[in-house]
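To start, the structure itself, in structure tokens.
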Amino acid sequence: MTEKFHGPLVTVDIIIELPRGIVLIERKNPPHGWALPGGFVDYGESIERAAMREAKEETSLDVRLVEQFYTYSDPGRDPRHHTVSTVFVASANGAPCGADDAKTAGVFGENQLPAPIVFDHSRILSDYFHFKRTGERPKP
């Protein structure tokens, strides 16, 4: 008997740091709203390569991955599928320009975040800004 594997989908999200703040994209596709750049890891692709590819596709920026921040796996984090996302912190130069499935891209500070923010990205951003202030990473 052959069983079909059914498991969570692997994704990446990227917190791109620029001198004026972090990059968020406004999504073209549902769920509509603002999000971190990111997406699905292709078969045969490393998560690091996927992060760099997704950042370029959605923001037109060439990023340098600085560190792996945390992995988020709550089954309800994405209303479309059960996903497991590894979040990277990256740096880049230049101005982001929305492309691919991003309607627009912008740079925002902690106190000027747009709304609505979709998926669990509000939690990710809260964890990130807390980490920047205190050095404390999220706890499992």
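So in the working numbering, spot 92 of the sequence shown is number 962, and the numbers just go up one at a time. C-beta atoms are modelled at their ideal positions from N, C-alpha and C, and glycine is treated no differently.
Residue 918 to residue 988 span [Cα, whole Å]: Residue 918 and residue 988: Cα-Cα distance of roughly 23 Å.
Do residue 920 and residue 911 have their CB atoms nearer than 8 Å? yes
Buried or exposed: where does residue 894 fall if 16 or more other Cβ atoms within 10 Å of its Cβ makes it buried? buried
Helix, strand or coil for residue 934? Go by DSSP, reduced to three states. strand
For a quick check, are the C-beta atoms of residue 883 and residue 961 less than 8 Å apart? no
Residues in the same chain with beta-carbon distance under 7 Å from residue 939, minus the five sequence neighbours each way, listed in chain order, please. Apart from sequence neighbours up to five positions away, the residues of its chain that approach residue 939 with a beta-carbon distance below 7 Å are 885, 957, 958, 959 and 998, ordered along the chain.
Below 7 Å CB to CB, which residues in the same chain sit around residue 903 once its five sequence neighbours on both sides are set aside? 897, 986, 987 and 988
Of all the options 881, 888, 875 and 876, which has the alpha carbon lying nearest to the alpha carbon of residue 978? 888
Are residue 949 and residue 901 touching if we call contact CB-CB under 8 Å? Taking 8 Å as the Cβ cut-off, residue 949 and residue 901 qualify as a contacting pair.
Close-in-space but distant-in-sequence residues of the same chain around residue 991 (CB under 6 Å, 5 per side omitted): Excluding sequence positions up to five before and after residue 991, its CB lies within less than 6 Å of the CB of 905 and 906, all in the same chain and listed in chain order.
Can you list, in chain order, the residues of its chain with a C-beta nearer than 7 Å to that of residue 1001? Leave out the 5 residues immediately preceding and following it. 1007
Alpha carbons only, please: which of 873, 916 and 879 is nearest the one belonging to residue 947? 879
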